[in-house]
Amino acid sequence: MKSLLIVYHSQSGTCAQLARAAWRGVQLEPQVAVTVRRAWDADTAQLALADGVLLVMAENSGALCGAMKDFLDRSFYPAIARGLVLPYTLLISAGNDGRGAQRQAERILSGYPFPAAAEPLILRGEWCAGHRRASEELGQAFAAGLSMGIF
Ligand SMILES: Cc1cc2nc3c(=O)[nH]c(=O)nc-3n(C[C@H](O)[C@H](O)[C@H](O)COP(=O)(O)O)c2cc1C
Numbered sequence: 625m626k627s628l629l630i631v632y633h634s635q636s637g638t639c640a641q642l643a644r645a646a647w648r649g650v651q652l653e654p655q656v657a658v659t660v661r662r663a664w665d666a667d668t669a670q671l672a673l674a675d676g677v678l679l680v681m682a683e684n685s686g687a688l689c690g691a692m693k694d695f696l697d698r699s700f701y702p703a704i705a706r707g708l709v710l711p712y713t714l715l716i717s718a719g720n721d722g723r724g725a726q727r728q729a730e731r732i733l734s735g736y737p738f739p740a741a742a743e744p745l746i747l748r749g750e751w752c753a754g755h756r757r758a759s760e761e762l763g764q765a766f767a768a769g770l771s772m773g774i775f
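All residue numbers for the sequence shown refer to the numbering used here, where the first residue is 625 and numbers rise by one.
In structure tokens:
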């Protein structure tokens, strides 16, 4: 049995919807247990129990949203101290861009160092059925990769 951790932050509810859809996608893979934590409540203890981590966040002011930055700031040295190396994937919500959040997150995560399991998924604009499907597919694909030992 593998374990996937979803860490998310949401101000308006959009990223919470993306995280929920990704969680549903992971549940389609019976060999993977999924845990969901808000970024403010997550810490290294949950990372240490996981085989992979999906980070769901918005781009705010051209950068990673503050709560996700706070989570990464808090877990950086503890993760290094435990020697954690987890495959990660980014699910980013943005009004019309998202690349600033992507760049910043990738740069931070390369320092842990965590390897990327997939290309980041940036979903722009209002929450819609297409975003729900894409988030579910990302969650399922990540879980399937973990289950098959690809990551
Ligand atoms: C303060 C603030 C700054 C934002 N800055 C950007 C930005 O720089 N680029 C972008 O594409 N979207 C930007 N957005 C739009 C958000 O990324 C988008 O609304 C996202 O869905 C918010 O998700 P959340 O409310 O679930 O956290 C911004 C939104 C807010 C509230």
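Backbone N, C-alpha and C define an ideal beta-carbon position, used for all residues, glycine too.
The region 749 to 761 makes contact with the region 641 to 659, as at least three CB pairs between them are under 8 Å.
Put simply, the region 699 to 719 touches the region 728 to 748. At least three CB pairs are less than 8 Å apart. Counting the other CB atoms within 10 Å of its CB gives Gln641 a total of 16 or more, which places it among the buried residues. Here the alpha carbon of Gly724 sits roughly 17 Å from the alpha carbon of Gly735. A heavy atom of ligand 1 is found nearer than 7 Å to the CB of Ala682. Taking Leu671 as the centre and dropping the five residues before and after it, the same chain places the C-beta of Leu629, Val677, Ser699, Ala703, Leu708 and Leu710 closer than 7 Å to its C-beta, in chain order.
Residue nearest to Glu750 within the set Phe695, Asp721 and Thr659 is Asp721 (criterion: CA-CA distance).
Partner residues in the beta bridge of Met681, as assigned by DSSP, are Ile716.
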